[in-house]
Amino acid sequence: MVAEVIQIKDIAAYEGQDVTLRGWVYNRTGKGRLQFILLRDGSGQAQCVAFKKEMESAEFEIVRGLTQESSVIVSGAVRADDRAPGIPGGYEIGIHKLELVQEAQEYPITPKEHGTEFLMNHRHLWVRSNRQWAILRIRATIIKAMRDWLDDQGFLLVDTPIITPAAGEETTTLFEVDYFGEKAFLAQTGQLYNEANIMAFGKVYCFGPTFRAEKSKTRRHLIEFWMLEPEIAFCSLEELMDIEEGMVCYVVAQVLEKRRQELDIIERDLDKLIAITPPFTRISYDDAVARLQARHESIDDPELKDELAIEWGEDFGSPHETALAEMFDKPVFVYHYPTAVKAFYMTPVEGRSQVCRSVDLLAPEGYGEIIGGSERIHDEQLLAANIDKMGLGREAYHWYLDLRKFGTVPHAGFGIGIERTVAWICGLSHVRETIPYARLLNRKYP
RNA sequence: UCCGUAGUAGCUCAAUUGGCAGAGCGGGCGGCUGUUAACCGCUAGGUUCUUGGUUCAAGUCCAAGCUACGGAGCCA
Numbered sequence: 001m002v003a004e005v006i007q008i009k010d011i012a013a014y015e016g017q018d019v020t021l022r023g024w025v026y027n028r029t030g031k032g033r034l035q036f037i038l039l040r041d042g043s044g045q046a047q048c049v050a051f052k053k054e055m056e057s058a059e060f061e062i063v064r065g066l067t068q069e070s071s072v073i074v075s076g077a078v079r080a081d082d083r084a085p086g087i088p089g090g091y092e093i094g095i096h097k098l099e100l101v102q103e104a105q106e107y108p109i110t111p112k113e114h115g116t117e118f119l120m121n122h123r124h125l126w127v128r129s130n131r132q133w134a135i136l137r138i139r140a141t142i143i144k145a146m147r148d149w150l151d152d153q154g155f156l157l158v159d160t161p162i163i164t165p166a167a168g169e170e171t172t173t174l175f176e177v178d179y180f181g182e183k184a185f186l187a188q189t190g191q192l193y194n195e196a197n198i199m200a201f202g203k204v205y206c207f208g209p210t211f212r213a214e215k216s217k218t219r220r221h222l223i224e225f226w227m228l229e230p231e232i233a234f235c236s237l238e239e240l241m242d243i244e245e246g247m248v249c250y251v252v253a254q255v256l257e258k259r260r261q262e263l264d265i266i267e268r269d270l271d272k273l274i275a276i277t278p279p280f281t282r283i284s285y286d287d288a289v290a291r292l293q294a295r296h297e298s299i300d301d302p303e304l305k306d307e308l309a310i311e312w313g314e315d316f317g318s319p320h321e322t323a324l325a326e327m328f329d330k331p332v333f334v335y336h337y338p339t340a341v342k343a344f345y346m347t348p349v350e351g352r353s354q355v356c357r358s359v360d361l362l363a364p365e366g367y368g369e370i371i372g373g374s375e376r377i378h379d380e381q382l383l384a385a386n387i388d389k390m391g392l393g394r395e396a397y398h399w400y401l402d403l404r405k406f407g408t409v410p411h412a413g414f415g416i417g418i419e420r421t422v423a424w425i426c427g428l429s430h431v432r433e434t435i436p437y438a439r440l441l442n443r444k445y446p
């Protein structure tokens with residue numbers, strides 16, 4: 001009779017019982033007639049110990065020859081042992097029986113160090129490594145927490161199209177696709193459709209991949225990235241900030257609660273995450289520029305000083321965002337950006353149209369903008385004028401302008417970048433590890 | 001696209017002033033009853049990114065290109 005198949009994450013519940021594990025050899029160390037296999041099954045890792053005299057000799061010889069990442073089915077008794085490594089660790093299997101499913105060929109990723117290019121070329125195998133396993137599990141938890149929070153707040157998930165006829169934002173960064181002889185584009189945002197959907201459902205969000213053909217080569221850019229975009233009818237900029245703050249705090253709290261083990265694996269500084277509680281400081285663009293200019297004055301290093309130079313009216317660069325975020329140990333809101341540097345659909349501030357009702361959320365520790373949002377223009381004339389001014393062409397936006405004809409209301413929404421959020425929460429130096437298969441400027445493989 | 005750095009064994013790296021191309025890990029063979037990236041012995045493994053140039057002699061110097069990495073711009 002074959003012992004019950006269990007997941008390694010549940011191993012503690014089976015102390016003293018015979019169980020079966022199915023998985024892959026993460027590492028093996030041998031001491032002659034005693035062999036240690038560190039087995040992973042996707043849910044965790046457990047040490048399996050083989051003594052020659054406790055097994056059939058043919059099977060023991062198989063154990064002695066096990067290569068890294070060979071797939072096996074192991075049966076044995078669970079016992080507690082402080083010496084046993086693993087995830088969660090502290091328990092090991094005394095092997096009675098082992099079946100080899102496949103003997104893996106020489107595995108390229110060894111327990112030693114590797115370079116980024118090599119690992120990215122072997123991403124299909126790299127995802128098996130502890131650190132990557134932990135990060136991608138945290139990513140899944142972050143996405144679930146965002147969706148749970150929105151669902152609980154009365155938002156409805158409404159999917160938006162990937163293939164679209166018009167630009168959401170800058171026309172230079174679109175991927176063009178051939179749509180039966182006509183031009184179409186991969187979506188950069190679902191926002192315009194969200195604005196239609198709120199008139200049907202009140203509060204909605206979309207979640208999916210977005211595509212930007214930007215020639216960006218930085219630690220925070222991907223060509224294909226995932227974005228979650230809530231949109232709310234009858235919503236002001238201040239209420240929008242409340243929503244963003246509530247969601248981000250919930251997400252961080254959920255990761256701390258559900259993924260402590262994974263945070264330990266990646267050696268994240270937990271205090272930095274525990275600090276993420278409401279309220280987040282809210283400063284105006286005017287205030288932010290003043291703070292940056294004061295910071296600029298205090299710097300002696302000419303190179304750094306040059307990077308941080310800014311005049312009112314300019315958009316923030318990456319060094320500006322980092323410098324601003326460093327002034328706080330929580331995310332910080334910056335609102336009322338100059339209208340000229342923002343998208344055509346953002347509402348101008350009443351009585352001061354050179355700034356608009358926009359807000360970015362900057363993550364701490366140099367992770368930069370993770371959220372961008374705004375109140376949207378709900379006046380038809382003003383919106384049409386802006387579309388003309390940007391040279392976007394009214395035909396493609398006909399349906400979008402329609403929304404302002406049939407019960408238009410003040411509304412607002414934002415987009416949160418999943419990969420940047422994961423990079424921040426995990427404390428990673430680059431977004432390429434936050435997504436299973438990153439699409440970068442010079443990489444679409446594997 | 002611009003600026004900077006790098007490219008040597010399957011991987012991570014070393015190689016003095018331009019003078020015999022090396023180590024660890026991984027692989028193979030052998031040993032070991034508590035290993036934690038085990039350890040010990042033996043062993044195989046090279047178009048030094050490409051092309052051209054300087055030189056008695058180039059991994060090393062020069063030129064161009066390719067690729068990667070770091071940064072900028074743009075953005076989430």
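Take the first sequence: its position 170, counting from 1, is numbered 170 in my numbering, and each next residue is one higher.
A virtual CB, placed ideally from N, CA and C, is assigned to each residue, including glycine.
Closest by CA to residue i, which one among the options?
i	options	result
residue 204	229, 222, 187	229
residue 119	12, 433, 237, 65	433
residue 76	92, 65, 68, 61	92
residue 437	84, 164, 157, 209	209
residue 274	263, 32, 112, 333	263
residue 165	430, 407, 416, 393	393
residue 272	183, 333, 364, 341	364
residue 223	334, 188, 61	188
residue 105	111, 68, 387, 227	68
residue 278	248, 50, 302	248
residue 443	25, 212, 121, 99	121
residue 342	350, 349, 358, 179	358
residue 398	196, 287, 4, 57	196
residue 23	70, 3, 58	70
residue 238	280, 80, 213	280
If we ignore side chains and look at the alpha-carbon of each, how far apart do residue i and residue j end up?
i	j	result
residue 375	residue 410	7 angstroms
residue 177	residue 200	30 angstroms
residue 384	residue 123	46 angstroms
residue 138	residue 126	16 angstroms
residue 219	residue 366	11 angstroms
residue 347	residue 389	15 angstroms
residue 325	residue 65	53 angstroms
residue 207	residue 307	35 angstroms
residue 338	residue 240	19 angstroms
residue 426	residue 266	7 angstroms
residue 290	residue 419	30 angstroms
residue 242	residue 250	12 angstroms
residue 466	residue 109	In the structure displayed, the chain extends from 1 to 446; residue 466 sits before or after that span and is not available.
residue 154	residue 405	26 angstroms
residue 133	residue 9	14 angstroms
residue 16	residue 85	18 angstroms
residue 235	residue 414	11 angstroms
residue 254	residue 295	35 angstroms
residue 89	residue 39	11 angstroms
residue 146	residue 198	19 angstroms
Is residue i buried or exposed, if buried means 16 or more other CB atoms sit within 10 Å of its CB?
i	result
residue 316	buried
residue 320	buried
residue 412	buried
residue 331	buried
residue 340	exposed
residue 373	buried
residue 381	exposed
residue 268	buried
residue 424	buried
residue 28	buried
residue 226	buried
How close, in whole Å, do the beta carbons of residue i and residue j come, if the pair is a contact with beta carbons under 8 angstroms?
i	j	result
residue 452	residue 87	The structure shown does not extend to residue 452, since the chain is modelled only from 1 to 446, so the question has no answer here.
residue 194	residue 231	4 angstroms
residue 361	residue 333	6 angstroms
residue 101	residue 62	That belief does not hold up - the Cβ atoms of residue 101 and residue 62 are roughly 11 angstroms apart, past 8 angstroms.
residue 142	residue 422	6 angstroms
Report the partner residues of residue i according to the DSSP bridge assignment.
i	result
residue 102	71
residue 210	225
residue 346	376
residue 83	In the DSSP output, where bridge partners are listed per residue, residue 83 has none listed.
residue 360	334, 372
residue 92	47, 79
residue 398	Answer is none; residue 398 lacks a bridge partner.
residue 411	233, 376
residue 24	40, 71
residue 188	Answer by DSSP bridge pairing: none, since residue 188 is not bridged.
residue 29	36
residue 437	Bridge partners of residue 437: none, in fact.
Please tell me whether, using a cut-off of 7 angstroms, the distance from the CB of residue i to the nearest non-hydrogen atom of the ligand FAD is below it.
i	result
residue 156	Looking for the ligand FAD in the displayed structure turns up nothing, as the structure carries no ligands at all.
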